[in-house]
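A short write-up of the structure that comes next.
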Amino acid sequence: MLNTNVLVLNSSFQPLHVCHVRRALILVLRGKAEVVEYYEKLFVRTVSRKFQVPSVVRLRIYIQPSRRSVALNRRNIMRRDKYRCQYCGASTDDLTTDHIIPRSLGGEESWENLVTACMRCNNRKGNQTPEAAAMRLLSIPRRPSFYSFIRFYHPRSHDKWRPYLFMD
1 MLNTNVLVLN SSFQPLHVCH VRRALILVLR GKAEVVEYYE KLFVRTVSRK
51 FQVPSVVRLR IYIQPSRRSV ALNRRNIMRR DKYRCQYCGA STDDLTTDHI
101 IPRSLGGEES WENLVTACMR CNNRKGNQTP EAAAMRLLSI PRRPSFYSFI
151 RFYHPRSHDK WRPYLFMD
C-alpha cells in the first residue's frame, strides 16, 4: 500500500515527479502539499487515524523545475521499448538489453545506443553492429523526456493523473 505511486504537481499544476504514498502523506501532513485527487477505496490506517490514499498532490509553493532526466537503467530501457525486441518485435520473457554499437567497438552506455532485444536476436547479432549482422532496428532509440516518460511509460499511472499529464 505504501508503495503505491502518487503524482506530485507544482503549485502551477505542472507535473514534477512521482513518489510513494508515504512521501506524499508526509508532504500533506506537514502542510507542504494539498491533495488534489484520491484513490478510491484505498486507506492507510494508524492506531488512531485513517487516511485516504492520495493519487495526486500539489505543492503549496512553486518549485523551480529542473531539467529532469530519466535514469538510464534496464527497467527504463524496457519501458521505453515497450517490452519488445527492437530487432524482431517479439515480446518474450527472455528480453535483454543490447548495445547497438558493441562496447568492444567503442559503443557507450547511452539512451541512443541501448535497446531491448530477445536472447535469439542478441545472440544472432553478437559482437557486431546491426548492419554487419544484416539486422534492422524497428525504431530509432532516443532519450525520453521526463514528462513523456511519466505520461507514456510509467507502468502504474492512474486514470486520475490524465488531466494533469496532458494539459496544454
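Under the UniProt record's numbering, residues 1 to 168 are what the sequence shown spells out, in order. In this text, a Cβ means the ideal position worked out from N, Cα and C, and glycines have one as well. Note that the structure is predicted; figures quoted are calculated from it, not measured.
Bounds of the beta strand (DSSP E) holding A33 are 33-45.
The alpha-carbon of I150 is positioned some 8 Å away from that of L165. L137 sits close to Q86, with the two beta carbons spaced by under 9 Å. Here E37 really is in contact with V56; their C-beta atoms are around 4 Å apart, less than 8 Å. As the crow flies, the alpha-carbon of H99 is around 19 Å from that of T92. Straight-line spacing of the CA atoms in R60 and L27 works out to 10 Å. DSSP, read as helix, strand or coil, puts L137 in coil.
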